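In what follows, a structure is listed as structure tokens, so that the remarks can point back to it.
Protein chains: 2
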Amino acid sequence: MKSSTKTSAAKCSLPAALDVMGERWSFLILRGAFVGFSHFEQFQAELGIARNILANRLSKMVTHGLMNRVGCSEDRRKVIYSLTPKGEALLPVLIALRQWGERWENCGPSNPVLVDARDRRPIREICVLGVDGRVLAPCELKWIDSSEVNQS
Amino acid sequence: MKSSTKTSAAKCSLPAALDVMGERWSFLILRGAFVGFSHFEQFQAELGIARNILANRLSKMVTHGLMNRVGCSEDRRKVIYSLTPKGEALLPVLIALRQWGERWENCGPSNPVLVDARDRRPIREICVLGVDGRVLAPCELKWIDSSEVNQS
């Protein structure tokens, strides 16, 4: 991958994204929410995370707009956590990281498997694609200044 | 997104992946490597990271096989860090997280821009795709046990 810019990134959204997600537990809580966890106790039992850390991380995710926190209609003492659209939009990040672990950390196939609900076939590997749909390897990519981008 | 499995993930590669990448600096060092940094001093100057933390993280990334560490041929006292294929394979994760930050953290467009080297057009948004190439929204996805997957 070539770069025509000397500096890393005068303006990059990655640090802001990492303010929310640059932490191990945040990803694991997110994974729990994606497989359907909604109660504090579910997250706690499944992740084996200390209660104060879980409370802190859930609160942070609510503050950052990744999760909603509402009272359960049947039992107002219970609280339900659910992903917002902003939280759901992290799915490609989560899946790409999981696929990378499967491929490179010798974990073998993960279970459960994320499938297309229509035909129960596994999703594709997450790749960097060009506008024309080609899978782009690092050597086919280039970092350029936004003024040099081909907008056609 | 529906789940037919009660537990989060009896076998998930995400924790292993997070052992390597579940930390803010690791992502920022990776970003530096992708835009072409190769010397300790470059990473240090651009990221503003404490030297001992940078040394620790680079060492961890070498240990985990994400980066190679070799002596510079012109000056053997200098060390060059470069991404291995395993490290390069994290690009979709990094780009998906950056795009999420652009879209949801009100950062606006990032600069520099990652483009297809062939035509300088920006890469596509990273999405979860079905085998047929459809972009799948969370409501079109399902977590199922691997024994229930449609392999056809």
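Chains C and Y, in that order, are what the protein sequence lines are.
So for the first sequence, this note's numbering puts the first residue at 5; every next one is plus one.
So for the second sequence, this note's numbering puts the first residue at 5; every next one is plus one.
For glycine and all other residues, C-beta sits at the position ideal for the given N, C-alpha and C.
Since the model is a prediction, treat every value here as computed from it, not as a measurement.
| query | Within 10 angstroms of its Cβ, does Y:D120 collect 16 or more other Cβ (buried), or is it exposed? | reply | Counted from its first residue, the second sequence places residue 120 of chain Y at position 116. Label assigned to Y:D120: buried.
| said: Between which two residues does the alpha helix (DSSP H) holding Y:S30 run? | reply: The residue you call residue 30 of chain Y lines up with position 26 of the second sequence. Segment R28 to F38, the alpha helix (DSSP H) holding Y:S30.
| request: Find out if the Cβ-Cβ distance for the pair Y:R61, Y:S86 is shorter than 7 Å. | output: To locate residue 61 of chain Y, count along the second sequence from 1; it is residue 57. To locate residue 86 of chain Y, count along the second sequence from 1; it is residue 82. Between Y:R61 and Y:S86, the C-beta spacing is not below 7 Å.
| task | Output the boundary residues of the alpha helix (DSSP H) element that contains Y:L62. | result | The sequence position of residue 62 of chain Y within the second sequence is 58, counting from 1. Boundaries of the alpha helix (DSSP H) around Y:L62: R55 to T67.
| C:G75 versus C:V83: straight-line alpha-carbon distance, rounded | What you label residue 75 of chain C is simply residue 71 of the first sequence in a count that begins at 1. What you label residue 83 of chain C is simply residue 79 of the first sequence in a count that begins at 1. Rounded to the nearest angstrom, the two C-alpha atoms are 5 Å apart.
| message | Is the beta carbon of Y:S17 closer than 7 Å to that of C:S17? | response | The residue given as residue 17 of chain C occupies position 13 in the first sequence. The residue given as residue 17 of chain Y occupies position 13 in the second sequence. Going by C-beta atoms, C:S17 is not nearer than 7 Å to Y:S17.
| field | Y:K146 at chain C interface by Cβ criterion, 7 Å | value | Here residue 146 of chain Y refers to the residue found at position 142 of the second sequence. Against chain C, the CB of Y:K146 has a partner CB under 7 Å away; the residue lies at that interface.
| request: Would you tell me roughly how many angstroms separate the C-alpha atoms of Y:K146 and Y:D136, rounded to the nearest one? | output: Mapped onto the second sequence, residue 146 of chain Y falls at position 142. Mapped onto the second sequence, residue 136 of chain Y falls at position 132. Y:K146 and Y:D136 have their C-alpha atoms some 16 Å from each other.
| said: With the cut-off set at 7 Å, would you say C:G105 and Y:A21 are in Cβ contact? | reply: For the purposes of this step, residue 105 of chain C is identified with residue 101 of the first sequence, where counting begins at 1. For the purposes of this step, residue 21 of chain Y is identified with residue 17 of the second sequence, where counting begins at 1. Cβ atoms of C:G105 and Y:A21: closer than 7 Å.
| Of the listed residues C:L51, C:L95, C:S150 and C:R125, nearest to Y:L118 (C-alpha basis) | Along the second sequence, read from residue 1 onward, the residue named residue 118 of chain Y stands at position 114. Across the set C:L51, C:L95, C:S150 and C:R125, the C-alpha of C:S150 shows the shortest separation from the C-alpha of Y:L118.
| Tell me which same chain residues have a C-beta within less than 8 Å of the C-beta of C:Q48, skipping the five on either side of it? | Looking up residue 48 of chain C in the first sequence gives position 44. For C:Q48, where only same-chain residues beyond five positions count, the Cβ hits under 8 Å are R55 and L58.
| query | Would you say C:N154 and Y:R102 are within 7 Å of each other, going by their C-beta atoms? | reply | Counting from 1 along the first sequence, the entry for residue 154 of chain C is found at position 150. Counting from 1 along the second sequence, the entry for residue 102 of chain Y is found at position 98. No, Cβ-Cβ distance for C:N154 and Y:R102 is not below 7 Å.
| query | Quick one, are the C-beta atoms of C:V132 and Y:I127 less than 7 Å apart? | reply | As a position in the first sequence, residue 132 of chain C is number 128, starting the count at 1. As a position in the second sequence, residue 127 of chain Y is number 123, starting the count at 1. When the beta-carbon positions are compared, C:V132 and Y:I127 come within less than 7 Å of each other.
| said: For the stretch 44–67 of chain Y, list every residue whose C-beta sits within 7 Å of some C-beta in chain C, in sequence order. | reply: Using a CB distance below 7 Å, the part of the stretch 44–67 of chain Y facing chain C consists of E50, ordered along the chain.
| request: Express the C-alpha separation of C:R73 and C:R28 in angstroms, rounding to a whole number. | output: For the purposes of this step, residue 28 of chain C is identified with residue 24 of the first sequence, where counting begins at 1. For the purposes of this step, residue 73 of chain C is identified with residue 69 of the first sequence, where counting begins at 1. C:R28 and C:R73: Cα-Cα distance of roughly 21 Å.
| message | Strictly below 9 Å CB to CB, what residues from chain Y border C:V135? | response | Translated into the one-based positions of the first sequence, residue 135 of chain C becomes position 131. For the C-beta of C:V135, the chain Y residues within less than 9 Å are, from N- to C-terminus, D120, D123, R125, P126, I127 and R128.
| said: Which of the three DSSP states is assigned to C:P142 in this structure? | reply: Against the first sequence, residue 142 of chain C aligns to sequence position 138. C:P142 falls in the helix class under three-state DSSP.
| task | Over the uninterrupted beta strand (DSSP E) stretch that includes Y:L22, give me the two end residues. | result | As a first step, residue 22 of chain Y must be located in the second sequence, where it is residue number 18. DSSP places Y:L22 in no beta strand (DSSP E) but in the uninterrupted alpha helix (DSSP H) bounded by L18 to M25.
| Burial state of C:V24, where buried means 16 or more other Cβ atoms lie within 10 Å | Locating residue 24 of chain C in the first sequence gives position 20, counting from the first residue. Its Cβ being crowded by 16 or more others within 10 Å, C:V24 is buried.
| task | In angstroms with no decimal places, state the Cα-to-Cα distance between C:D79 and C:T88. | result | Position 75 of the first sequence, counting from 1, holds the residue named residue 79 of chain C. Position 84 of the first sequence, counting from 1, holds the residue named residue 88 of chain C. Taking the straight line joining both Cα atoms gives about 22 Å.
| said: Checking 7 Å against the spacing of the C-beta atoms, do C:P142 and Y:E92 come in under that value? | reply: Taking the first sequence and counting its residues from 1, the one referred to as residue 142 of chain C is at position 138. Taking the second sequence and counting its residues from 1, the one referred to as residue 92 of chain Y is at position 88. Yes, Cβ-Cβ distance for C:P142 and Y:E92 is below 7 Å.
| By how many angstroms is the C-alpha of C:G134 removed from the C-alpha of Y:A37? | Taking the second sequence and counting its residues from 1, one reaches residue 37 of chain Y at position 33. Taking the first sequence and counting its residues from 1, one reaches residue 134 of chain C at position 130. Approximately 21 Å, taken between the alpha carbons.
| message | Can you tell me whether Y:S86 is helix, strand or coil according to DSSP? | response | The residue you call residue 86 of chain Y lines up with position 82 of the second sequence. It is a strand residue.
| query | Distance, Cα to Cα, Y:G52 vs Y:L70? | reply | Your numbering for residue 52 of chain Y matches position 48 in the second sequence. Your numbering for residue 70 of chain Y matches position 66 in the second sequence. Distance between the alpha carbons of Y:G52 and Y:L70 is about 21 Å.
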